[in-house]
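Engineer: My structure is below; once you've seen it, I'll send some questions.
Number of protein chains: 2
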Amino acid sequence: MEKELKSQLRQIVGERWFLDTPDELYVYSYDATPLYQAMPDAVVMPSSVEEIAAVLKIANQHRIPIVSRGSGTNLCGGTVPTEGGIVLVTNRLNGLQEIDEENLTATFGPGLITSELHQAVEARGLFYPPDPGSMRISTMGGNVAECAGGMRGLKYGVTKDYIMGLQAVLPNGEVLRFGGKNAKDVAGYDITKLLVGSEGTLAVVTEITAKLLPLPKAKQTMVAYFSDLTDAARTVQRVIAERIIPATMEFLDQATMRVVEEFARIGLPLDMKAMLLIEQDGDPLQVEQDMIRIAEIAHAERAVEVRTAQHAEEGAKLMAARRAALSALSRVKPTTILEDATVPRARLAEMVDQIGVIANKYSVPICTFGHAGDGNLHPTCMTDERDTEEIHRVEMAFGEIFEAAIKLGGTITGEHGVGIAKAPYLEWKVGAGGIDLMKRVKEAFDPHGIMNPGKMFAKDQRRRVVVKTHGCAHEHVGGGHGHSRA
Amino acid sequence: MEKELKSQLRQIVGERWFLDTPDELYVYSYDATPLYQAMPDAVVMPSSVEEIAAVLKIANQHRIPIVSRGSGTNLCGGTVPTEGGIVLVTNRLNGLQEIDEENLTATFGPGLITSELHQAVEARGLFYPPDPGSMRISTMGGNVAECAGGMRGLKYGVTKDYIMGLQAVLPNGEVLRFGGKNAKDVAGYDITKLLVGSEGTLAVVTEITAKLLPLPKAKQTMVAYFSDLTDAARTVQRVIAERIIPATMEFLDQATMRVVEEFARIGLPLDMKAMLLIEQDGDPLQVEQDMIRIAEIAHAERAVEVRTAQHAEEGAKLMAARRAALSALSRVKPTTILEDATVPRARLAEMVDQIGVIANKYSVPICTFGHAGDGNLHPTCMTDERDTEEIHRVEMAFGEIFEAAIKLGGTITGEHGVGIAKAPYLEWKVGAGGIDLMKRVKEAFDPHGIMNPGKMFAKDQRRRVVVKTHGCAHEHVGGGHGHSRA
Numbered sequence: 001m002e003k004e005l006k007s008q009l010r011q012i013v014g015e016r017w018f019l020d021t022p023d024e025l026y027v028y029s030y031d032a033t034p035l036y037q038a039m040p041d042a043v044v045m046p047s048s049v050e051e052i053a054a055v056l057k058i059a060n061q062h063r064i065p066i067v068s069r070g071s072g073t074n075l076c077g078g079t080v081p082t083e084g085g086i087v088l089v090t091n092r093l094n095g096l097q098e099i100d101e102e103n104l105t106a107t108f109g110p111g112l113i114t115s116e117l118h119q120a121v122e123a124r125g126l127f128y129p130p131d132p133g134s135m136r137i138s139t140m141g142g143n144v145a146e147c148a149g150g151m152r153g154l155k156y157g158v159t160k161d162y163i164m165g166l167q168a169v170l171p172n173g174e175v176l177r178f179g180g181k182n183a184k185d186v187a188g189y190d191i192t193k194l195l196v197g198s199e200g201t202l203a204v205v206t207e208i209t210a211k212l213l214p215l216p217k218a219k220q221t222m223v224a225y226f227s228d229l230t231d232a233a234r235t236v237q238r239v240i241a242e243r244i245i246p247a248t249m250e251f252l253d254q255a256t257m258r259v260v261e262e263f264a265r266i267g268l269p270l271d272m273k274a275m276l277l278i279e280q281d282g283d284p285l286q287v288e289q290d291m292i293r294i295a296e297i298a299h300a301e302r303a304v305e306v307r308t309a310q311h312a313e314e315g316a317k318l319m320a321a322r323r324a325a326l327s328a329l330s331r332v333k334p335t336t337i338l339e340d341a342t343v344p345r346a347r348l349a350e351m352v353d354q355i356g357v358i359a360n361k362y363s364v365p366i367c368t369f370g371h372a373g374d375g376n377l378h379p380t381c382m383t384d385e386r387d388t389e390e391i392h393r394v395e396m397a398f399g400e401i402f403e404a405a406i407k408l409g410g411t412i413t414g415e416h417g418v419g420i421a422k423a424p425y426l427e428w429k430v431g432a433g434g435i436d437l438m439k440r441v442k443e444a445f446d447p448h449g450i451m452n453p454g455k456m457f458a459k460d461q462r463r464r465v466v467v468k469t470h471g472c473a474h475e476h477v478g479g480g481h482g483h484s485r486a
Numbered sequence: 001m002e003k004e005l006k007s008q009l010r011q012i013v014g015e016r017w018f019l020d021t022p023d024e025l026y027v028y029s030y031d032a033t034p035l036y037q038a039m040p041d042a043v044v045m046p047s048s049v050e051e052i053a054a055v056l057k058i059a060n061q062h063r064i065p066i067v068s069r070g071s072g073t074n075l076c077g078g079t080v081p082t083e084g085g086i087v088l089v090t091n092r093l094n095g096l097q098e099i100d101e102e103n104l105t106a107t108f109g110p111g112l113i114t115s116e117l118h119q120a121v122e123a124r125g126l127f128y129p130p131d132p133g134s135m136r137i138s139t140m141g142g143n144v145a146e147c148a149g150g151m152r153g154l155k156y157g158v159t160k161d162y163i164m165g166l167q168a169v170l171p172n173g174e175v176l177r178f179g180g181k182n183a184k185d186v187a188g189y190d191i192t193k194l195l196v197g198s199e200g201t202l203a204v205v206t207e208i209t210a211k212l213l214p215l216p217k218a219k220q221t222m223v224a225y226f227s228d229l230t231d232a233a234r235t236v237q238r239v240i241a242e243r244i245i246p247a248t249m250e251f252l253d254q255a256t257m258r259v260v261e262e263f264a265r266i267g268l269p270l271d272m273k274a275m276l277l278i279e280q281d282g283d284p285l286q287v288e289q290d291m292i293r294i295a296e297i298a299h300a301e302r303a304v305e306v307r308t309a310q311h312a313e314e315g316a317k318l319m320a321a322r323r324a325a326l327s328a329l330s331r332v333k334p335t336t337i338l339e340d341a342t343v344p345r346a347r348l349a350e351m352v353d354q355i356g357v358i359a360n361k362y363s364v365p366i367c368t369f370g371h372a373g374d375g376n377l378h379p380t381c382m383t384d385e386r387d388t389e390e391i392h393r394v395e396m397a398f399g400e401i402f403e404a405a406i407k408l409g410g411t412i413t414g415e416h417g418v419g420i421a422k423a424p425y426l427e428w429k430v431g432a433g434g435i436d437l438m439k440r441v442k443e444a445f446d447p448h449g450i451m452n453p454g455k456m457f458a459k460d461q462r463r464r465v466v467v468k469t470h471g472c473a474h475e476h477v478g479g480g481h482g483h484s485r486a
């Protein structure tokens, strides 16, 4: 990047918020996704929508890639600046501007941390349900960019279901508002929902208005252990078939349980093949009724043990064990590759079976855990990216896992996004025609292709592309990138 | 249209399903929206996605407008073929292909009648919440095109919140699938949600997969009468502020009550200034608790009378009175113009006040009723389109009503769509930049502009455009167009 351009950017955001030393750039060369790394040319940390618009105008004029990011906890390489350019960090726009108790909305900047939003609204008896694994670190801007999910997806949906209004800046610097606080609004195309999950490839989101719900009055947690994986899957299916929709139904296989136990020492029965963690919330009496019925179903489906947490702390401890899964797995080997294959929930047992078969075929260790209630599984491989032969087998295995998911009516990514990691597989899900259409939609926003280039649409379909890590001064490949939580 | 083209279309759909006599064309020259009418050149009624693709290919090649439609119950002129061309009726694709009880989804053709979907899923203990006023006539394809709302929007959202997957045909004849049965799916841009509410301007939807919920176990209905409009609005706001979200909170002003009473003779107290119709559903105990608390709030806000329906039939009768509102209003004068101004719910009282002020200013009779819980009001004017002077005043009044809604943070249309009727006002809501962006998005789907041309984007902003009705053989202007239900 030319000196003159750098000096313009410096003027816009201020000396302190413009970074371009190798050490500074290195920090923004990767995100929570292993295997991907690339150096940006500059990092800017604007403090206002005006500064963002000014940065975008320059970038657009000079065709410089813009990679907007928050905390970088995504797991698809979505914020790795693979084509260099400017990393635009939105973390400074972190104000919680308003909680509107009459309209049940919250309005805030993209830099607000997800769990801070949770705490602020819960203090007023309100509820923002999406709870991605990274919620203590992730920003709401990142949640919007990736359409983050979480454990409560089954009952409460995902980020998209809660975003009502956005302010966003187009690549040409135009500042637009979409949606608002209206529960019903059909004035024109729904650009708001289109931007959610667009992975920074269309615009930079600068303000978010989210829908809130009343905070459920009660919550209960239950754990059930199974000596057969299929029994666990059947329990999930029967609960839904009986028209009970729990807030959470999480699944851990034996391999994950073992690693979690070693990490957290909470007394998991390691001879079991699978466990389910089930949470229900709502009116106290209804929660009580649902939990009793769910326990009956689990017993009928041959659960070896079913235990309802006696108080909130015990419930929180059980959930913490589940939340620790990725941290625990990432300690085992230098590189942890967490995937996101998702199927319609009725195909869960088949999918878990197939993951086992594929892992055996390629002799790679894959643990599986995830959101059983919504069919969103996280098959996770503990490997070492320096072992190129093994990494090749891992990639072959995940390719087959995605293929299996699609054959079962599923998708290549439920909540992590496409980014670089799943770009080569997108065509498997949406077809060549779907990709062409999406590229034309991108052009409508970003005619010069400066917004997060190289993401979502791969140059090379069908093969998993490993981006070569740069030979940086810092030798920092491996486990260090895998420390976000799923 | 050339003979040769007509003969090609005839071959595709079969002689019986190709219409081009003046009498036949006349039937498809209007929809439920008063004031708008235009003759198509031909009507086709295809029976399959293949036939639709073949029709679109020909239309695209020869730049012939395509207006896809179902029952034509929309209230924005969305299916009036203002630029002639082919009306493509999707009613024959009306199969309910599947109710998937394990994944809680239904898959069906766009021609399926909304209330038939309701009945089919409710028979299995499942629930498809959106309930637009026209649900006994409207097709699900039309609901998707307009993103239909209804009375249950407050608690359950609108059509968009339930559409998980679509099959659609692009203007070039390409058949694509978007989304599916996955509760979580972030593979690429969310084209599914973009198509919902796109009013037939992007693609023709040929198959729909919708999310279902468990059917609530209990339902109760309550009516409250107020001698002051503001008390009614404050009741709505306090119920929400107490974190109770009823399934329905409908509002009728005195003028609407009078007309409904004359029509339905159900004993409404006509000295009252407003009434609220409130429904709650869910677990029986919770419903009971909520209704008791809502009654307390209504009394505290000076409701003159609060009555809870003693049994389902009484509740149904009360709701039927509300559903009869448009039918009742449309009997009063030859032309009934039903609008759709919507505000964040906390601004409801202000909006109702302003409608009154504006109606007085232009000396036009406007009744207001609507979905108070979600801020979606239907100010309705009984007029006569042959009285051009009065129609002019009506248009001025509605222009001011839209302006007032936007000033209150609202929108020009909550659930009826933009179509022709609100196209001149779209810029007020989304700005010139928003319109430009939406036009570019349209081009991504429809480069030759054949899909429902003249809708959503007006040539002429800021003034309400009355499209001149064609001098047809049938002199059939007036009330006949207003018989859909809101």
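First to last, the protein sequences are chains W and S.
Taking full-length UniProt numbering, the leading residue of the first sequence gets 1, the next gets one more, and so forth.
Taking full-length UniProt numbering, the leading residue of the second sequence gets 1, the next gets one more, and so forth.
Heads up, the beta-carbon is just placed ideally off N, CA and C, and yes, glycines get one too.
Spell out whether any CB of chain W is found under 9 Å from the CB atom of G410/S.
Structural biologist: Taking Cβ atoms only, chain W reaches closer than 9 Å to G410/S, which makes this a yes.
Engineer: Find out if the Cβ-Cβ distance for the pair L408/W, V343/W is shorter than 9 Å.
Structural biologist: Yes; because the gap between Cβ atoms is below 9 Å, this pair is in contact.
Engineer: With DSSP run on the structure shown, which of helix, strand or coil describes residue 487/S?
Structural biologist: Here chain S covers residues 1 to 486 and nothing more, so residue 487/S does not appear.
Engineer: Taking beta-carbon pairs under 7 Å, can you tell me which members of the stretch 99 to 130 of chain S lie near chain W?
Structural biologist: The residues in question are E101, E102, N103, L104, G125.
Engineer: Is there a Cβ of chain W sitting closer than 9 Å to that of Y189/S, yes or no?
Structural biologist: With 9 Å as the cut-off, Y189/S counts as an interface residue toward chain W.
Engineer: Strictly by DSSP, which residues pair up with N143/S?
Structural biologist: Note: N143/S sits in no beta bridge, so no partner.
Engineer: Taking C-beta to C-beta, are V306/W and G78/W nearer than 9 Å?
Structural biologist: Going by C-beta atoms, V306/W is not nearer than 9 Å to G78/W.
Engineer: Under 8 Å Cβ to Cβ from H448/W, same chain only, skipping five residues before and after it: list those, please.
Structural biologist: The answer, listed in chain order, is N60, R63, P171.
Engineer: Would you kindly check if the distance between the Cβ of F226/W and the Cβ of A303/W is under 9 Å?
Structural biologist: In this structure, F226/W lies closer than 9 Å to A303/W by Cβ.
Engineer: Expressed to the nearest angstrom, what Euclidean distance is found between the alpha-carbon atoms of G72/S and V364/W?
Structural biologist: For G72/S and V364/W, the distance between alpha carbons rounds to 57 Å.
Engineer: By how many angstroms is the C-alpha of L9/S removed from the C-alpha of Q167/S?
Structural biologist: Cα-Cα distance, rounded: 22 Å.
Engineer: Restricting to Cα atoms, I'd like to know which of A187/S, M151/S, V205/S, E301/S is closest to I163/S.
Structural biologist: When only C-alpha atoms are compared, the closest one is V205/S.
Engineer: Using DSSP with H/G/I as helix, E/B as strand and the rest coil, what is A349/W?
Structural biologist: Helix at A349/W.
Engineer: Report the residues of the stretch 272 to 301 of chain S with a CB closer than 9 Å to any CB of chain W, ordered along the chain.
Structural biologist: Cβ contacts with chain W: G282, D283, L285, Q286, Q289.
Engineer: Could you tell me whether the Cβ of G180/S comes closer than 9 Å to any Cβ of chain W?
Structural biologist: Interface residue, yes.
Engineer: Given a limit of 8 Å on CB to CB distance, which residues of the stretch 320 to 350 of chain W reach chain S?
Structural biologist: Hits within the stretch, in order: T342, V343, P344, R345, A346.
Engineer: Just how far apart, CA to CA, sit T202/S and V169/W?
Structural biologist: According to the sequence shown, residue 202/S is Leu rather than Thr. Distance between the alpha carbons of L202/S and V169/W: 24 Å.
Engineer: Would a check of beta-carbon distances place R243/W closer than 9 Å to chain S?
Structural biologist: So yes, R243/W belongs to the interface.
Engineer: Can you give the beta carbon distance from D231/S to E301/S, rounded, assuming they're within the 8 Å contact cut?
Structural biologist: That belief holds up - the Cβ atoms of D231/S and E301/S are roughly 5 Å apart, short of 8 Å.
Engineer: So what's R10/S in DSSP terms, helix, strand or just coil?
Structural biologist: The answer is helix: DSSP assigns R10/S an H, G or I state.
Engineer: Answer yes if the stretch 28 to 44 of chain S comes into contact with the stretch 82 to 90 of chain S, meaning at least three C-beta pairs across the two stretches below 8 Å, and no otherwise.
Structural biologist: As far as the Cβ criterion goes, the stretch 82 to 90 of chain S touches the stretch 28 to 44 of chain S, which means the pair count is three or higher.
Engineer: Excluding sequence positions up to five away, which residues of its chain have a Cβ less than 8 Å from the Cβ of V55/S?
Structural biologist: Cβ within range, chain order: L9, I12, V13, V44, P46, I66, I86, L88.
Engineer: Do you know offhand how far K219/W's Cα is from V287/W's?
Structural biologist: Near 7 Å, if we compare the C-alpha coordinates of V287/W and K219/W.
Engineer: Between which two residues does the alpha helix (DSSP H) harbouring A341/W extend?
Structural biologist: Counting along the chain, A341/W falls outside any alpha helix (DSSP H), and DSSP gives it neither H nor E.
Engineer: To the nearest angstrom, how far is it from the Cα of D31/S to the Cα of A421/S?
Structural biologist: Using only the alpha carbons, I get a separation of about 12 Å.
Engineer: Here's the rule: buried if 16 or more other CB atoms are within 10 angstroms of the residue's CB, otherwise exposed. What is D340/S?
Structural biologist: Buried, by the Cβ-count rule.
Engineer: Closer than 7 Å by beta-carbon distance: list the chain W residues that pair up with T413/S, in chain order.
Structural biologist: The answer, in chain order, is V186, A187.
Engineer: Using a Cβ-Cβ cut-off of 9 Å, state whether N376/W counts as contacting chain S.
Structural biologist: Yes, its Cβ sits closer than 9 Å to a Cβ of chain S.
Engineer: Which residues bound the beta strand (DSSP E) around H299/W?
Structural biologist: No beta strand (DSSP E) holds H299/W; the alpha helix (DSSP H) holding it covers 284 to 300.
Engineer: Quick check: what's the CA-CA separation for V465/W versus D131/S?
Structural biologist: The predicted position of V465/W is uncertain, since its pLDDT is 37 and thus under 50; no value can be drawn from it.
Engineer: Could you spell out where the alpha helix (DSSP H) holding I401/S opens and where it closes?
Structural biologist: That run of the alpha helix (DSSP H) goes 388 to 407.
Engineer: Establish whether the CB of E313/S and some CB of chain W are separated by less than 9 Å.
Structural biologist: Not an interface residue.
Engineer: Taking the alpha-carbon positions, what's the R293/W to R177/S distance?
Structural biologist: Cα-Cα distance, rounded: 38 Å.
Engineer: Just reading off the beta strand (DSSP E) that T308/W is part of, what are its end residues?
Structural biologist: Where T308/W is concerned, the enclosing beta strand (DSSP E) stretches over 303 to 308.
Engineer: Measuring CB atoms only, is the stretch 322 to 331 of chain S touching the stretch 258 to 273 of chain S, in the sense that at least three cross pairs come out at less than 8 Å?
Structural biologist: Touching, yes.
Engineer: Taking all protein chains shown into account, decide if E199/S is buried (16 or more other Cβ within 10 angstroms of its Cβ) or exposed.
Structural biologist: Looking at its Cβ environment, which holds 16 or more other Cβ atoms inside 10 Å, E199/S is buried.
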